Amino acid sequence: MSFKKIDTRKRSLLMVIILGFSLQCLVSRNGFAQQEPQGATVPNSGFEFPKAEEIKSIIYKMKEYYVGSTEYRIIDVRTDLEINDFTAINPNAGNDVSKNSLTNWDYPNGVLYSALISASELFQDSSFVNYVVKNYDFIFDHLPYFLKQTDQFGPKNYAYGRMIRMGSLDHCGAMGSALVKAYRYKRDRRYRDWIDTVDAYISGTQYRLADGTLARHRPQPSSLWTDDMYMSVAFLAQIGNLTGNKKYWDDAVQQVCGMSRRLFIPEKGMYDHGWNANTRYDPRFYWSRANGWAVMAMCELLDVLPESHPGRDRVLEYLQKEIQSLAECQDASGLWHNLLDKNDSFIETSGSAMFVHGIAKGINRGWIHFTYAPVALTGWMALQKMIMDDGRVQKACVGTTFTNDIVYYYKRPTEEGSLFSSAPTMNAGVEIIKLLQNPVYEFYAANNSYHIKLKSDPKPR
5 MSFKKIDTRK RSLLMVIILG FSLQCLVSRN GFAQQEPQGA TVPNSGFEFP KAEEIKSIIY
65 KMKEYYVGST EYRIIDVRTD LEINDFTAIN PNAGNDVSKN SLTNWDYPNG VLYSALISAS
125 ELFQDSSFVN YVVKNYDFIF DHLPYFLKQT DQFGPKNYAY GRMIRMGSLD HCGAMGSALV
185 KAYRYKRDRR YRDWIDTVDA YISGTQYRLA DGTLARHRPQ PSSLWTDDMY MSVAFLAQIG
245 NLTGNKKYWD DAVQQVCGMS RRLFIPEKGM YDHGWNANTR YDPRFYWSRA NGWAVMAMCE
305 LLDVLPESHP GRDRVLEYLQ KEIQSLAECQ DASGLWHNLL DKNDSFIETS GSAMFVHGIA
365 KGINRGWIHF TYAPVALTGW MALQKMIMDD GRVQKACVGT TFTNDIVYYY KRPTEEGSLF
425 SSAPTMNAGV EIIKLLQNPV YEFYAANNSY HIKLKSDPKP R
């Protein structure tokens, strides 16, 4: 083969390349062939800010659903017939929970009651707190009857069983915290006495490790659950605020720090769901709602803990580190996965709502930097898509124990309309409204993203 033939082929190939490039430029300039790469979005296409009035209407819809579906009846749980004669004790008596269980003493109810009180204060509308007080009144009106039932027939697993038995932090912390808040609005002696009952259990009865950290006897003889940070700290923070007694705040800080030393994993910036004292190397699973409980607990404490308290900075540091990690593992949908570090686990709304609430509240209170606002705003917009027509929220992970196999967390069912998601979503909505209406900040959109600046700062170029 001659050098001349090779030269000719090279020239032909070069001409084809030049012609193809020229044609591509011509087509692109005329605007009828160039397409966005797969997965790209047109800047600001379909992009909108949350609207405070729209969020307010969602919160009202939630409240109206629960008010309208709450039954105030004591029934025979075998026959569903109403009991009106309380002189004779019926061993099968219980609350009518056919539509919802909000007259039961149960921790998801306590989270909702606290959210309703926050909404009442934001909107200056007593109908929210009146509903909470009505439910507590119903509970305490019938407590003497169920105490007699327990004396005669033993404690039940339904209705008042958890309240009377009070065998774990689940049975007292969240409902006790909301009860302290309700007591500010109704100085009922029965409320105050039961606050003392809850205090006696948390402060004196619940099992603790040697350093004073509250623990459980399951699944191992000495186990810590991240969930218990909220189930204890929320109440300790509020009774400290009620009484002014520093010992409660000291204990609340001890719980945050004692649990965090064992459950917060610095390299992840997240909380392991549980820890066993008798296992040196147990597997770590970063369950979403457990981390949500931790965020809510620290927010609840920082809200009332005096600035001068020596433990405040430690609590604040744990919150800041966790929120940094949460921002980094937020899903493209705006929500978070059931296992925070496993993108192949399902999207879950209860933990997501708790994170949105905690981030927005942290900005509103000045605990975290305002540049985290886009995380909360995108999270809220994603949550809104999960809200059903009646105001309740979809895709909540069902109740979940602490276990040592990851398959369990992957395969947890979800449920529609659960208080696990609906209650923290109301909390999140309250804080997002406050954030949007915060006079210090200015929000704007650029390149399909949320931006925030101090109003006192110069306008971005």
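Numbering (my numbering), first residue to last: 5 to 465.
Where is the CB? At the ideal position from N, CA and C, for every residue including glycine.
Note that this is a predicted model, so its numbers are computed, not measured.
Reducing DSSP to helix, strand and coil, say where residue i ends up.
i      : result
Gln337 : Here residue 337 is Ser; the residue named in the question, Gln, does not match the sequence. Three-state DSSP puts Ser337 in coil, outside helix and strand.
Met390 : coil
Trp384 : helix
Ala400 : strand
Arg169 : helix
Gly248 : coil
Tyr149 : helix
Ser181 : helix
Ser102 : coil
Ala450 : strand
Glu419 : strand
Leu343 : strand
Ile410 : helix
Gln38  : Caution applies to Gln38, whose pLDDT of 38 falls short of 50 and renders its modelled position unreliable; the model cannot decide the point.
Ala238 : helix
Ile93  : coil
Can you give the Cα-Cα distance for residue i and residue j, rounded to whole angstroms?
i      : j      : result
Arg222 : Thr407 : 10 Å
Lys459 : Thr404 : 44 Å
Tyr376 : Thr382 : 11 Å
Arg369 : Ala380 : 14 Å
Gln324 : Ser102 : 42 Å
Asn451 : Lys55  : 20 Å
Cys261 : Ile269 : 13 Å
Leu253 : Asp84  : The residue you asked about is not Leu; residue 253 is Trp in the sequence shown. About 44 Å.
Ile113 : Pro428 : According to the sequence provided, residue 113 is Asn. The question's Ile does not apply to it. Between Asn113 and Pro428, the C-alpha separation is close to 11 Å.
Gly433 : Thr91  : 45 Å
Ala294 : Pro310 : 26 Å
Ser426 : Ser226 : 32 Å
Asp393 : Tyr69  : 10 Å
Ile87  : Asp231 : 36 Å
Gly171 : Glu446 : 48 Å
Asn282 : Met167 : 31 Å
Leu305 : Met358 : 15 Å
Gln210 : Asp174 : 11 Å
Ser73  : Asn104 : 6 Å
Ile327 : Ile79  : 45 Å
Val71  : Asp89  : 26 Å
Assuming residue i is part of the alpha helix (DSSP H), what are its boundary residues?
i      : result
Tyr111 : 111-127
Asp89  : Segment: none, Asp89 is in no alpha helix (DSSP H) and carries neither H nor E.
Gly433 : 423-440
Asp203 : 193-204
Ser354 : 353-369
Ala301 : 292-308
Asp80  : Counting along the chain, Asp80 falls outside any alpha helix (DSSP H), though it belongs to the beta strand (DSSP E) covering 78-80.
Leu213 : Segment: none, Leu213 is in no alpha helix (DSSP H) and carries neither H nor E.
Lys190 : Segment: none, Lys190 is in no alpha helix (DSSP H) and carries neither H nor E.
Ala331 : 316-332
Ser312 : No alpha helix (DSSP H) holds Ser312; DSSP gives it neither H nor E.
Glu58  : 56-73
Give me, in chain order, the residues of the same chain whose beta-carbon lies closer than 6 Å to that of residue i; leave out the 5 immediate sequence neighbours on both sides.
i      : result
Val133 : Ile121, Ser124, Tyr189
Met430 : Ile63, Met66, Ala119
Phe142 : Tyr76, Thr107
Val81  : Asn96, Gly98
Glu419 : Ala400, Val402
Val115 : Ala178, Ala427
Tyr454 : Pro378, Leu381
Give every residue of the same chain whose Cβ lies closer than 8 Å to the Cβ of residue i, excluding the five residues on either side of it in the sequence, and list them in chain order.
i      : result
Ala2   : What is shown of the chain runs 5 to 465, which leaves residue 2 out entirely.
Met385 : Glu52, Pro54, Gly338
Ile199 : Gly180, Leu183, Val184, Tyr187, Ile243, Leu246
Can you tell me where the beta strand (DSSP E) with residue i in it begins and where it stops?
i      : result
Tyr454 : 453-458
Leu228 : 227-229
Gly278 : 278-280
Using a Cβ-Cβ cutoff of less than 7 Å, which residues in the same chain neighbour residue i once the five nearest sequence positions on both sides are dropped?
i      : result
Ile437 : Ala56, Ile59, Lys60, Leu126
Leu218 : Leu173, Gln210, Arg212, Asp232, Ser236, Gln259
Ala238 : Gly177, Ala178, Ser181, Ala301, Glu304
Leu147 : Tyr164
Leu320 : Leu306, Trp371
For chain C, is any of its Cβ atoms less than 9 Å away from the one on residue i?
i      : result
Tyr448 : The chain inventory of the structure shown lacks chain C, comprising one protein chain alone.
Is it the case that the region 346-366 contacts the region 383-399, given that we only count it when at least three CB pairs across the two stretches are under 8 Å? yes
Given 8 Å, three or more beta-carbon pairs between the region 265-272 and the region 195-206: no
Would you call the region 203-220 and the region 145-164 touching, i.e. three or more CB-CB distances under 8 Å? no
I want to know whether the region 86-98 touches the region 157-168 - three or more CB-CB distances under 8 Å. yes
Please confirm if the region 234-245 is in contact with the region 283-291, defined as three or more CB-CB distances below 8 Å between the two stretches. no
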